[in-house]
Amino acid sequence: MRSEQVDGARAIAEQAMTAMARYDVPATPENYTIWYAYVAGSDPELVKALNVVISNHGTFTPERNAEIYERFFSRSRLDQTVQSTGEGLESAMTRVLRLLGDFDADQTAYGHKLAQMSGALEGGSTAETVQAVLRQLRQETRAILVKNQELEHRLARSKREIEQLRQNLESVRRDALTDPLTGIANRKQFDQRLREACAAALEDGGAVALVMVDIDHFKAFNDRFGHRVGDEVLKLVARHLRNQVKGRDTPARYGGEEFALILPSTTLAGAGVLAEQIRKSLAEHSLTSRKTDLRYGKVTLSLGIAVYQLGERLDDLLQRADRALYLAKDKGRNRVCTEADLPADAQAEVPAFTTAKLDRLET
Numbered sequence: 015m016r017s018e019q020v021d022g023a024r025a026i027a028e029q030a031m032t033a034m035a036r037y038d039v040p041a042t043p044e045n046y047t048i049w050y051a052y053v054a055g056s057d058p059e060l061v062k063a064l065n066v067v068i069s070n071h072g073t074f075t076p077e078r079n080a081e082i083y084e085r086f087f088s089r090s091r092l093d094q095t096v097q098s099t100g101e102g103l104e105s106a107m108t109r110v111l112r113l114l115g116d117f118d119a120d121q122t123a124y125g126h127k128l129a130q131m132s133g134a135l136e137g138g139s140t141a142e143t144v145q146a147v148l149r150q151l152r153q154e155t156r157a158i159l160v161k162n163q164e165l166e167h168r169l170a171r172s173k174r175e176i177e178q179l180r181q182n183l184e185s186v187r188r189d190a191l192t193d194p195l196t197g198i199a200n201r202k203q204f205d206q207r208l209r210e211a212c213a214a215a216l217e218d219g220g221a222v223a224l225v226m227v228d229i230d231h232f233k234a235f236n237d238r239f240g241h242r243v244g245d246e247v248l249k250l251v252a253r254h255l256r257n258q259v260k261g262r263d264t265p266a267r268y269g270g271e272e273f274a275l276i277l278p279s280t281t282l283a284g285a286g287v288l289a290e291q292i293r294k295s296l297a298e299h300s301l302t303s304r305k306t307d308l309r310y311g312k313v314t315l316s317l318g319i320a321v322y323q324l325g326e327r328l329d330d331l332l333q334r335a336d337r338a339l340y341l342a343k344d345k346g347r348n349r350v351c352t353e354a355d356l357p358a359d360a361q362a363e364v365p366a367f368t369t370a371k372l373d374r375l376e377t
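By the working numbering, the letter at position 287 of the sequence shown is numbered 301, and the numbering carries on one by one without gaps.
Structure (structure tokens):
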């Protein structure tokens, strides 16, 4: 059995290296991790993502490879940070509890000494006795004040340390949910926000519109002007989407040159107006290099819209928005299509709504 496992792993490794060579992917450890998982089929979403690039005749640039690795394999970094932050918080809290325990013990001892001194003054104390008790009282009080000040300093340091750990954790959490190139939500955050928006719709019966956005002829643009310019186009589109939405709306980079908008409390008609505004305002501008004044031309978008139907699988919502997006491309690109434009047989059937638990929403 062990021999068969070794042979199987070796075969997958060889196929992964062959595939990397076929698509000109450098044999780095990160890239090998991606393609080994692809050949093994261990992550369906990863397989789907790579197949989309391959079917579109895309190239696996260093930026795209890094994006894929970040998307599918960066969880370990977050886990390590969470673990180290948890250990740091536990250590800091242990110190705080120990300091508070010492403070309590010091206060108790101080109280006992005050009681002893009070007892010494009872029953006709002499002037010398009173003087001695007062000296001891000053010494004990001075000592407890010093200890209290030291405690305040140590607690302040522990507070700063805990706050720094909290900020580190928040920074890593934010990075894990943000696309590193464009600065908007990544696929992980998109999935999370879509689930939350649809769960809220189940609660209040509201609408959630999903807009899928694709940059027209991006590969040709990339091949002609280079990947650096292509990256600038991706950032331009992301910035444009972010500036056009507001409130609880979520712009996200879905993958490659595809983006998405989650629009809570938005009808199909309302989403159509916003999508057309986004398409038109971007198409009216021509992209030009600031350094060389070279005109790159216009960047246009194709957009597809669908609205969440209560009780349906989220995959069905995504599929309808995708179908509307590809319909927009088939009709000539640089346009908006909605699920209402799809042929009747292409519109997914919507199951009757039931009182299913929110946590049973399927993605």
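Ideal Cβ positions, reconstructed from N, Cα and C, are used throughout, including at glycine.
Selection from Tyr52, Ser56, Pro76 that minimises the alpha carbon distance to Val66 | Walking along the sequence shown from the start, residue 66 turns up at place 52. Of Tyr52, Ser56, Pro76, the smallest CA-CA separation from Val66 is found for Tyr52.
Can the beta-carbon of Val225 be found closer than 7 Å to that of Leu317?
-> For this step, residue 225 is matched to residue 211 along the sequence shown. For this step, residue 317 is matched to residue 303 along the sequence shown. Yes, the Cβ-Cβ distance between Val225 and Leu317 is below 7 Å.
By Cβ distance, which residues of its chain are closer than 8 Å to Thr352, with the 5 residues on each side in sequence left out?
-> Residue 352 sits at position 338 when you count from the first residue of the sequence shown. Same-chain partners within the cutoff: Leu282, Ala285, Gly286, Gly318, Ile319, Ala320, Ala338.
Look up Ser300 in the DSSP assignment and give the residues it is bridged to.
-> What you label residue 300 is simply residue 286 of the sequence shown in a count that begins at 1. Lys312, per the DSSP bridge assignment.
Environment of Pro278 [buried if 16+ CB atoms lie within 10 Å] | Numbered from its first residue, the sequence shown carries residue 278 at position 264. With 16 or more other CB atoms across the displayed protein chains lying within 10 angstroms of its CB, Pro278 is buried.
Rounded separation between Glu164 and Ala123 - CA only | Counting from one through the sequence shown, the residue named residue 164 turns up at place 150. Counting from one through the sequence shown, the residue named residue 123 turns up at place 109. Just so you know, the alpha carbons of Glu164 and Ala123 end up roughly 17 Å apart.
CA-CA distance, Met34 and Gly269?
-> For the purposes of this step, residue 34 is identified with residue 20 of the sequence shown, where counting begins at 1. For the purposes of this step, residue 269 is identified with residue 255 of the sequence shown, where counting begins at 1. Near 20 Å, if we compare the C-alpha coordinates of Gly269 and Met34.
Could you give the C-beta distance for Leu301 and Gln258, rounded to a whole number, given that I count them as a contact under 8 Å?
-> The residue given as residue 301 occupies position 287 in the sequence shown. The residue given as residue 258 occupies position 244 in the sequence shown. Not really, about 17 Å apart at Cβ, beyond 8 Å.
List the residues that DSSP assigns as beta-bridge partners of Gly125.
-> The residue you call residue 125 lines up with position 111 of the sequence shown. Its beta-bridge partners do not exist; DSSP assigns none.
What are the boundary residues of the alpha helix (DSSP H) that includes Asp329?
-> As a position in the sequence shown, residue 329 is number 315, starting the count at 1. In this chain, the alpha helix (DSSP H) harbouring Asp329 covers 328 to 344.
Compute the distance between the beta-carbons of Thr42 and His241, then report whether it is under 7 Å.
-> As a first step, residue 42 is located in the sequence shown; it is residue number 28 there, counting from the start. As a first step, residue 241 is located in the sequence shown; it is residue number 227 there, counting from the start. Going by C-beta atoms, Thr42 is not nearer than 7 Å to His241.
Could you tell me which residues DSSP pairs with Met226 in its beta bridges?
-> Here residue 226 corresponds to residue number 212 of the sequence shown, with the count starting at 1. Its beta-bridge partners are Ala274, Gly318.
Note down the Cα distance separating Leu248 from Ile48, rounded to an integer number of angstroms.
-> Position 234 of the sequence shown, counted from the start, is the residue given in the question as residue 248. Position 34 of the sequence shown, counted from the start, is the residue given in the question as residue 48. CA-to-CA, the gap between Leu248 and Ile48 works out to about 23 Å.
Out of Asn236, Asp118, Thr280, which has the shortest C-alpha to C-alpha gap to Gly72?
-> One-based indexing of the sequence shown puts residue 72 at position 58. It is Asn236.
Is DSSP giving Tyr268 helix, strand or coil here?
-> For the purposes of this step, residue 268 is identified with residue 254 of the sequence shown, where counting begins at 1. Three-state result, Tyr268: strand.
Is the Cβ-Cβ distance between Ile292 and Arg207 less than 7 Å?
-> Residue numbering aside, residue 292 sits at position 278 when the sequence shown is read from its first letter. Residue numbering aside, residue 207 sits at position 193 when the sequence shown is read from its first letter. The answer is no: Cβ separation not under 7 Å.
Determine the direct distance from the alpha carbon of Thr280 to that of Arg24, and round the result to whole angstroms.
-> Counting from 1 along the sequence shown, the entry for residue 24 is found at position 10. Counting from 1 along the sequence shown, the entry for residue 280 is found at position 266. The C-alpha of Arg24 lies about 51 Å from the C-alpha of Thr280.
Identify every residue that forms a DSSP beta bridge with Cys351.
-> The residue given as residue 351 occupies position 337 in the sequence shown. Looking at the DSSP assignment, Cys351 forms a beta bridge with Gly318.
Residue nearest to Leu169 in terms of C-alpha spacing, selected from Leu151, Lys343, Arg112, Thr192 | Within the sequence shown, numbered from 1, the residue matching residue 169 stands at position 155. Among Leu151, Lys343, Arg112, Thr192, the Cα nearest to that of Leu169 belongs to Arg112.
Excluding five sequence neighbours on each side, which residues of the same chain lie with their C-beta closer than 6 Å to the C-beta of Arg349?
-> The count along the sequence shown starts at 1 and reaches residue 349 at position 335. So the qualifying residues of the chain are Ala342.
Go ahead and label Arg374 buried or exposed: buried means 16 or more other beta carbons lie within 10 angstroms of its beta carbon, across all protein chains shown.
-> For the purposes of this step, residue 374 is identified with residue 360 of the sequence shown, where counting begins at 1. Residue placement at Arg374 is flagged as unreliable, the pLDDT there being 33, under the threshold of 50; the coordinate-derived value follows with that caveat. Exposed: under 16 other Cβ atoms inside 10 Å.
Decide if Glu81 is buried, meaning its Cβ has at least 16 other Cβ atoms within 10 Å, or exposed.
-> In the sequence shown, residue 81 corresponds to position 67, counting from 1. Using a 10 angstroms sphere on the CB of Glu81, the tally of other CB atoms reaches 16 or more, which defines it as buried.
What did DSSP end up calling Thr4 once you bin it into helix, strand or coil?
-> Nothing in the structure corresponds to residue 4, since the chain is present only between 15 and 377.
When the distance is taken between beta carbons, is His254 closer than 7 Å to Leu191?
-> Start at 1 with the first residue of the sequence shown, and residue 191 comes out as number 177. Start at 1 with the first residue of the sequence shown, and residue 254 comes out as number 240. Between Leu191 and His254, the gap from beta carbon to beta carbon reaches 7 Å or more.
C-alpha distance - Asn79 paired with Gln181, whole-angstrom precision | To locate residue 79, count along the sequence shown from 1; it is residue 65. To locate residue 181, count along the sequence shown from 1; it is residue 167. When rounded, the distance between both Cα atoms is 29 Å.
Are the beta-carbon atoms of Met131 and Val144 separated by less than 7 Å?
-> Start at 1 with the first residue of the sequence shown, and residue 131 comes out as number 117. Start at 1 with the first residue of the sequence shown, and residue 144 comes out as number 130. No, Cβ-Cβ distance for Met131 and Val144 is not below 7 Å.
Below 6 Å CB to CB, which residues in the same chain sit around Cys193 once its five sequence neighbours on both sides are set aside?
-> Translated into the one-based positions of the sequence shown, residue 193 becomes position 179. A small correction: the amino acid at residue 193 is Asp; Cys does not occupy that position in the sequence shown. Correct list, in chain order: Asn200, Arg267.
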